[in-house]
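Undergrad:
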Amino acid sequence: MAPPRLLLLCLAGLVFVSDADPAGTGEAKCPLMVKVLDAVRGSPAVGVVVKVYKKGADETWEPFATGKTGETGELHGLTTDKAFVEAMYKVELDTKSYWKALGISPFHEHAEVVFTANDSGHRHYTIAALLSPYSYSTTAVVTNPKE
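Be aware that the sequence shown starts at 249, since it is given in our numbering, and climbs by one per residue.
Spelled out as structure tokens, the structure:
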């Protein structure tokens, strides 16, 4: 297996390559995008359930958005610029169901990324995850929105 630094470098590279607006779809304008890759099969992780929560004033996690990754392992359209305000968010990936569907018994129930968004002004966020049955790694690409 490749060293962890090499895997993270490859993951970051894939995020940058996929950051472009595919065929003029307007997806590059989405303020929150999730990309999930399957490290075992070396392919996009298709059909991963993604749940996004926003931390409320009472410190509880409130449901914010849900979806499933598509054929490219990406999920766009989770929110709008207007709704994606400064706050703490949690992105939860249902890794257990993904691996179970492939006939693999995983260690993790889910993978999650908790982050504060837009605390330094409005930004666009790409959250990427590299999954295996017994581990996962994540990275984020934070960019200024394109007008």
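Here a beta-carbon is modelled for each residue, glycine too, at the ideal position from N, C-alpha and C.
Quantities reported herein were computed from a predicted structural model and do not represent experimental measurements.
State buried or exposed for A376, treating a residue as buried only when at least 16 other CB atoms are found within 10 Å of its CB.
TA: buried
Undergrad: So if DSSP puts Y346 in a beta bridge, which residue, or which two residues, is it bridged to?
TA: Answer is none; Y346 lacks a bridge partner.
Undergrad: Give me the Cα-Cα distance between D269 and K277, rounded to the nearest whole angstrom.
TA: Confidence in D269 is poor, its pLDDT being 41 and thus under 50, which makes the residue's placement unreliable; the coordinate value appears in the next sentence. So the alpha carbons of these two residues sit roughly 8 Å apart.
Undergrad: Mind reading off the beta-carbon distance from V288 to P354? Whole number of angstroms is fine, and I expect it under 8 Å.
TA: Actually they are not in contact, since the Cβ atoms of V288 and P354 sit about 10 Å apart, beyond 8 Å.
Undergrad: Considering only the beta carbon of each residue, do Y373 and L285 sit closer than 7 Å?
TA: no
Undergrad: What three-state label does DSSP hand K303 in the structure shown?
TA: strand
Undergrad: Closest to F332 by C-alpha separation, out of T387, N366 and T314, would be which residue?
TA: N366
Undergrad: Quick check on the DSSP output: what are the complete alpha helix (DSSP H) runs of length 4 or more inside the region 304-382, in order along the chain?
TA: 343-349
Undergrad: Return helix, strand or coil for K283, following the three-state DSSP convention.
TA: K283 falls in the strand class under three-state DSSP.
Undergrad: In or out: P292 buried (at least 16 other Cβ within 10 Å) or exposed?
TA: buried
Undergrad: What do you get for T273, buried or exposed, if any count of 16 or more other CB atoms within 10 angstroms of its CB means buried?
TA: Summary for T273: the model assigns pLDDT 42, below 50, so the residue's position carries little reliability; its value from the coordinates is reported in the next sentence. Exposed is the call here.
Undergrad: When the Cα atoms are used, what is the spatial distance from V390 to A335?
TA: 15 Å
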